[in-house]
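Counting in the working numbering, the first sequence runs from 12 upward without gaps. Every residue, glycine too, gets a C-beta built ideally from N, C-alpha and C. On a predicted model such as this, the values are computed, not experimentally measured, just so you know.
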Amino acid sequence: MPEQEIEKLIENLNPQQREAVLHKEGPLLILAGAGSGKTRVITYRIAYLIEACSIWPGQIMAITFTNKAAKEMRERTEQLIGLKARGMWIGTFHSMMLRILRQHAERLGFQPNFTVLDTDDQQRLIKDIFKQLNIDEKHINVKTAHNKISSAKNQRIDWQTMEKSAGNDYLQKQIAEIYKHYQEMMLRGNSMDFDDILLFAVQLLEENSDIREAYQTRFKHILVDEYQDTNHVQYLLVKLLCGKYKNICVVGDDDQSIYSFRGANIQNILNFEKDFKNSKVIKLEQNYRSSKNILGAANAIIKSNEGRTDKRLWTNHKTGEPINFYLAESHYDEARYVASEIRRLINRKNDPIKPGEIGILYRVNALSRNLEFALREQGIQYNIYGGLRFYDRKEIRDFLAYMRVIFSENDELALMRIINVPKRGIGNKTIETIRALAAQENVSMMQIIVDVNQYPELSRASSNLTEFANLIANLRQILIQDKISFPDFCREILAQSGLLKELEEQEKQGNEDAYTRVENLQEIISDAIEFTDKIKEELEQIKKMEASLEEMNIPDLSKDEQDSYNEDLTLIRLTKDFLEQTALYSDLDQEEADNTVRMMAVHSAKGLEFDAVFLIGMEESVFPGYRSFDDPEQLEEERRLAYVAVTRARKYLHITTAQMRLLYGHTRYNPVSRFLSEIPNEYIREVGGARTNQASSSNAFGAKTYYQSGSSYGSNYGLNSGSSSIPDSRLYSKNSPGKKSKTLGSFGLNPRPQKSINKDNGIDLANLEEGQQFEHKKFGIGTLEKIDYVVNDAILSIKFKSGLKRMMASSAPLEAIKD
DNA sequence: GAGGAAGCCATTTTT
DNA sequence: TGGCTTCCTC
12 MPEQEIEKLI ENLNPQQREA VLHKEGPLLI LAGAGSGKTR VITYRIAYLI EACSIWPGQI
72 MAITFTNKAA KEMRERTEQL IGLKARGMWI GTFHSMMLRI LRQHAERLGF QPNFTVLDTD
132 DQQRLIKDIF KQLNIDEKHI NVKTAHNKIS SAKNQRIDWQ TMEKSAGNDY LQKQIAEIYK
192 HYQEMMLRGN SMDFDDILLF AVQLLEENSD IREAYQTRFK HILVDEYQDT NHVQYLLVKL
252 LCGKYKNICV VGDDDQSIYS FRGANIQNIL NFEKDFKNSK VIKLEQNYRS SKNILGAANA
312 IIKSNEGRTD KRLWTNHKTG EPINFYLAES HYDEARYVAS EIRRLINRKN DPIKPGEIGI
372 LYRVNALSRN LEFALREQGI QYNIYGGLRF YDRKEIRDFL AYMRVIFSEN DELALMRIIN
432 VPKRGIGNKT IETIRALAAQ ENVSMMQIIV DVNQYPELSR ASSNLTEFAN LIANLRQILI
492 QDKISFPDFC REILAQSGLL KELEEQEKQG NEDAYTRVEN LQEIISDAIE FTDKIKEELE
552 QIKKMEASLE EMNIPDLSKD EQDSYNEDLT LIRLTKDFLE QTALYSDLDQ EEADNTVRMM
612 AVHSAKGLEF DAVFLIGMEE SVFPGYRSFD DPEQLEEERR LAYVAVTRAR KYLHITTAQM
672 RLLYGHTRYN PVSRFLSEIP NEYIREVGGA RTNQASSSNA FGAKTYYQSG SSYGSNYGLN
732 SGSSSIPDSR LYSKNSPGKK SKTLGSFGLN PRPQKSINKD NGIDLANLEE GQQFEHKKFG
792 IGTLEKIDYV VNDAILSIKF KSGLKRMMAS SAPLEAIKD
């Protein structure tokens, strides 16, 4: 590429961005603050490598956090360098390692067509193991076991190590036992879970020097986005993959590390310079997104965290509007405020904001419900993200399970799911008998069903079973014959299985739920159509690209890739790819609409931006969540989360707190979030009450009447804003410098409520004593070690046999033991 | 084996 | 509070 063209490519970049793009070889860490143009830097860097450094696209691996981000990165690179970009490996760790594993599965003792189990499958499997091992689900929660196994895998701890380290810890020993069976069943079922995909990739590369060297030689440059959210195994993968050339470029922001709960290790980014010798570090500190006020508040919040890299974001943008803080009386009041402010922003004459440019963010998904009502009242369209994935809906999973059983008769998890859906008279007893027979004869369950007449113990259900076997056989025949299109194949499954019919009948009886389910099933057909088109288009693009590569005399794709591209578009192949995609894709991958306000948990908002952001539920115990109170590290993560939330906003930011909130069936009176007192006055405007919990009385009500007009709400709640619900202001005003994340203990200093307040469970807040004994419904007898008073409630730290637990006095199933 | 009542639990979530 | 699971009964 001639000099001028390079100059042109980078002319719109700032000096640090340029440096990052033009960096030639060796490890590179780009510390990219929120809104500092990091995607731009990555895509420009890729373009530069290809156009100016004679790197061909197939030698670049770019790793992203989500499939959506991968898609976006590919599109943006394509805008810069055209079709050539297609030859790159861009994707998530999982999708790319899956691609590698399929090539070499045999080396690990798997067949190449192994199944990928998603969370639901994994938990079903564990449930099954509980039965085998005679473990009571009341004793160990299936979810807990699953979490422990997953987090062990994230740290590359195998069941043997877990067992050894358990010592006398009976619980951990049991988990190790479950873990062991789990891995055995996975291997037997030729399946891997999400964690395995990464673990086995590490193992494959470590144990096979030929494969390792092949990939190390092939990938001259590796780029990792969102590096702050990688886990230990992903770190190992990165090290292995870049082992030869050391051309590793990672981009991330330690201040935005918010996924430690699923194994992300912030140390990966903090230790980068130690891990990769002779690395270069570039900081991107200019923010191109937010106003000065918003950025100032964000900086003020994150400043209280310790152990972060030293950086401070700045911007050229205008000061902008101050952040609005609204102290609502209740969740209802809060919702009305948000809805009417949104209505105002959309309708106003000068510079109206599009609904699609507005985001409502919250710490916990449960907070979205109140808002729905208020938004509907204002006639505002909205979309809720998160919660249940489309592909996790019951009816969709049933459909996919049919597809899996048709595709592979060994997929017993799927088989068990649909053998009696819709109801066809095959009950649990029959299923257990089949399973036992399958184990005894060492054949698949499907085989037993096909041969049902040979087993007298199945005589009662035999006709039903035969009918089921025929159904599957028919559909499999259609799949193999390959005479109809993929969407038609999906239609056949829906029709023949009876899934659609069952729901349509319920729909006729006026079941509204059934109506949405039918819609969802029809949606899957549109998905199938779209999917088929997409694959076809991709194939064409690849062919074009191959031709253009030839023209340019660039080395061609490796053999295995050609093979996979040239594979015919058979029904079988489409089915296989479709099943894979559904396991690996999420709800956030859907396209966003222009005319709907988006609502989501702060976690899901990472990487997004909005003109206007409404951050609701900024209350102690909600945000930061009460679980983080006694753990400084978790509290820092909550603060990073708050930082992420605030930095999503371009022009307007509204933050709300409800003094009274109904959540999980209990009324709570939480103080204003401590994060708000960390924001200096100059950036914020208080509407309807102070954020310091100091003087929310008179001034609060004047402003609020506006939002309450025409409603019967408000006056009743006024009672709750009385003195008893106002906590000691000392605790929520500014932290003394130098004592940063240590404010936690100060809850203990909170004055006791003057009046005794008896909560649902009869615990008397005014008469709590440390050392007091309680009986908990589940944990048994424990001793109260610490009381942290919050408004009208207290967080109790109680030591039980099973360990120290923290719970809310008002709602925990506790009974005081009288001595 | 199916349906209804009662019990249980509730950060965050991508892959 | 409300959605899901499990247990119990017919």
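(request) Would you mind reading off the limits of the beta strand (DSSP E) that contains residue 323? (result) Numbered from 1 along the first sequence, position 312 holds the residue referred to as residue 323. Unbroken run through residue 323: none, as it is neither H nor E.
(request) Give the single residue among 514, 533, 491, 201 whose Cα lies nearest to the Cα of residue 502. (result) Walking along the first sequence from the start, residue 502 turns up at place 491. Distance from the Cα of residue 502 is smallest, within the candidate group 514, 533, 491, 201, for 533.
(request) Please classify residue 680: does DSSP put it in a helix, a strand, or coil? (result) Residue mapping note: residue 680 aligns to position 669 of the first sequence, counting from 1. Coil.
(message) Quick check: residue 667 and residue 627, are their CB atoms within less than 8 Å of each other?
(response) As a position in the first sequence, residue 667 is number 656, starting the count at 1. As a position in the first sequence, residue 627 is number 616, starting the count at 1. A distance below 8 Å separates the beta carbons of residue 667 and residue 627.
(request) Quick one: give me the first and last residue of the alpha helix (DSSP H) that residue 441 is part of. (result) Sequence index remark: in the first sequence, residue 441 carries index 430 (1-based). First-last of the alpha helix (DSSP H) with residue 441: 439-452.
(request) Could you name the residues of the same chain whose beta carbon sits closer than 7 Å to that of residue 582, not counting the 5 residues immediately before and after it, in chain order? (result) Walking along the first sequence from the start, residue 582 turns up at place 571. Contacts found: 490, 493, 497, 500.
(request) Using DSSP bridges, identify the partner residues of residue 204. (result) Here the question's residue 204 lines up with position 193 in the first sequence. Listed as beta-bridge partners of residue 204 by DSSP are 128.
(request) Enumerate in chain order the residues of its own chain whose CB-to-CB distance from residue 253 is below 7 Å, with the five nearest sequence positions on each side excluded. (result) As a position in the first sequence, residue 253 is number 242, starting the count at 1. The residues are 233, 259.
(message) Looking at the strands, I want to know which residues DSSP matches up with residue 611.
(response) To locate residue 611, count along the first sequence from 1; it is residue 600. For residue 611, the pairing in a beta bridge is given by DSSP as 372.
(request) Provide the residue(s) that pair with residue 337 in DSSP beta bridges, ordered along the chain. (result) Here residue 337 corresponds to residue number 326 of the first sequence, with the count starting at 1. Among the bridge pairs identified by DSSP, residue 337 is matched with 667, 698.
(message) If I follow the unbroken beta strand (DSSP E) through residue 501, where does it start and stop?
(response) Start at 1 with the first residue of the first sequence, and residue 501 comes out as number 490. First-last for residue 501: 497-508, but that is the alpha helix (DSSP H), not the beta strand (DSSP E).
(message) Which residues does DSSP list as the beta-bridge partners of residue 689?
(response) What you label residue 689 is simply residue 678 of the first sequence in a count that begins at 1. Paired residues: none, contrary to the question.
(message) Cutting at 8 Å between CB atoms, please list the residues of its own chain near residue 293, excluding the five before and the five after it.
(response) Here the question's residue 293 lines up with position 282 in the first sequence. Same-chain partners within the cutoff: 27, 30, 31, 34, 39, 40, 41, 42.
(message) Starting from residue 283, trace the alpha helix (DSSP H) in both directions and tell me its first and last residue.
(response) Residue mapping note: residue 283 aligns to position 272 of the first sequence, counting from 1. Its alpha helix (DSSP H) spans residues 283-286.
(message) Mapping the DSSP letters down to three states, classify residue 808 as helix, strand or coil.
(response) Working through the first sequence from its first residue, we reach residue 808 at position 797. Residue 808 falls in the strand class under three-state DSSP.
(message) Can you tell me which residues form a DSSP beta bridge with residue 463?
(response) Start at 1 with the first residue of the first sequence, and residue 463 comes out as number 452. DSSP lists no bridge partner for residue 463.
(message) Looking at residue 92: is its Cβ nearer than 8 Å to the Cβ of residue 73?
(response) What you label residue 92 is simply residue 81 of the first sequence in a count that begins at 1. What you label residue 73 is simply residue 62 of the first sequence in a count that begins at 1. Judged by beta-carbon spacing, residue 73 lies beyond the 8 Å limit of residue 92, meaning their Cβ atoms are not closer than that value.
(request) Please classify residue 792: is it buried, with 16 or more other beta-carbons within 10 angstroms of its beta-carbon, or exposed? (result) Taking the first sequence and counting its residues from 1, one reaches residue 792 at position 781. Note on residue 792: under 16 other CB atoms within 10 angstroms of its CB, so exposed under the neighbour-count rule.
(request) For the alpha helix (DSSP H) holding residue 155, just list the boundary residues, first then last. (result) As a position in the first sequence, residue 155 is number 144, starting the count at 1. Segment 153-165, the alpha helix (DSSP H) holding residue 155.
(request) Identify the continuous alpha helix (DSSP H) that holds residue 304 and give its terminal residues. (result) Position 293 of the first sequence holds residue 304. For residue 304, the enclosing alpha helix (DSSP H) starts and ends at 303-313.
(message) Classify residue 224: buried if its beta carbon has 16 or more other beta carbons within 10 angstroms, exposed otherwise.
(response) Counted from its first residue, the first sequence places residue 224 at position 213. Exposed, since its Cβ has fewer than 16 Cβ neighbours within 10 Å.
(message) Measuring alpha carbon to alpha carbon, tell me which residue in 358, 434, 617, 631 is nearest residue 683.
(response) Along the first sequence, one-based indexing puts residue 683 at 672. In terms of Cα proximity to residue 683, the closest of 358, 434, 617, 631 is 631.
(request) Using a threshold of 8 Å, state whether the C-beta atoms of residue 181 and residue 665 are closer than that. (result) Your numbering for residue 181 matches position 170 in the first sequence. Your numbering for residue 665 matches position 654 in the first sequence. Against a cut-off of 8 Å, the Cβ pair of residue 665 and residue 181 comes out as no contact.
(message) Mapping the DSSP letters down to three states, classify residue 271 as helix, strand or coil.
(response) One-based indexing of the first sequence puts residue 271 at position 260. In the three-state reduction of the DSSP assignment, residue 271 falls in the helix class.
(request) Please name the residue or residues paired with residue 393 in a DSSP beta bridge. (result) Sequence index remark: in the first sequence, residue 393 carries index 382 (1-based). DSSP links residue 393 through a beta bridge to 608.
(request) Can you give me the Cβ contacts of residue 211 inside the same chain, cut-off strictly under 7 Å, excluding the 5 residues immediately before and after it? (result) Position 200 of the first sequence, counting from 1, holds the residue named residue 211. Around residue 211: 112, 119, 203.
(message) Helix, strand or coil, according to DSSP, for residue 331 in the structure here?
(response) One-based indexing of the first sequence puts residue 331 at position 320. When secondary structure is reduced to three states using DSSP, residue 331 falls in the coil class, being assigned neither helix nor strand.
(request) Output the distance between the C-alpha atoms of residue 415 and residue 421, rounded to the nearest integer angstrom. (result) Here residue 415 corresponds to residue number 404 of the first sequence, with the count starting at 1. Here residue 421 corresponds to residue number 410 of the first sequence, with the count starting at 1. For residue 415 and residue 421, the distance between alpha carbons rounds to 9 Å.
(request) Tell me whether residue 387 is buried or exposed, calling it buried when 16 or more other Cβ atoms sit within 10 Å of its Cβ. (result) Here residue 387 corresponds to residue number 376 of the first sequence, with the count starting at 1. It is exposed - the Cβ of residue 387 has fewer than 16 other Cβ atoms within 10 Å.
(message) Assuming residue 255 is part of the beta strand (DSSP E), what are its boundary residues?
(response) Your numbering for residue 255 matches position 244 in the first sequence. Annotation for residue 255: no beta strand (DSSP E) segment contains it, and DSSP assigns it neither H nor E.
(request) Measure the CB-CB distance between residue 672 and residue 661 and report whether it falls below 8 Å. (result) Position 661 of the first sequence, counting from 1, holds the residue named residue 672. Position 650 of the first sequence, counting from 1, holds the residue named residue 661. Between residue 672 and residue 661, the CB-CB gap reaches or exceeds 8 Å.
(message) DSSP has residue 632 in a bridge; who is on the other side?
(response) For the purposes of this step, residue 632 is taken as the residue at position 621 of the first sequence. BP columns for residue 632 point to 636.
(message) Let me check one thing: in DSSP terms, what residues is residue 297 bridge-paired to?
(response) Translated into the one-based positions of the first sequence, residue 297 becomes position 286. Beta-bridge annotation (DSSP): residue 297 is paired with 325.
(request) Indicate the three-state DSSP secondary structure (helix, strand or coil) for residue 404 in the structure shown. (result) By 1-based counting over the first sequence, the position of residue 404 is 393. The DSSP-derived three-state label of residue 404 is coil.
(message) Taking the straight line between their C-alpha atoms, what separation do you get for residue 455 and residue 516?
(response) The sequence position of residue 455 within the first sequence is 444, counting from 1. The sequence position of residue 516 within the first sequence is 505, counting from 1. Answer to the nearest angstrom: the Cα atoms are 34 Å apart.
(request) Would you mind working out which of 481, 372, 354, 442 sits nearest residue 461, comparing C-alpha positions? (result) Taking the first residue of the first sequence as position 1, residue 461 is located at position 450. Scanning 481, 372, 354, 442 for the CA closest to the CA of residue 461 turns up 481.
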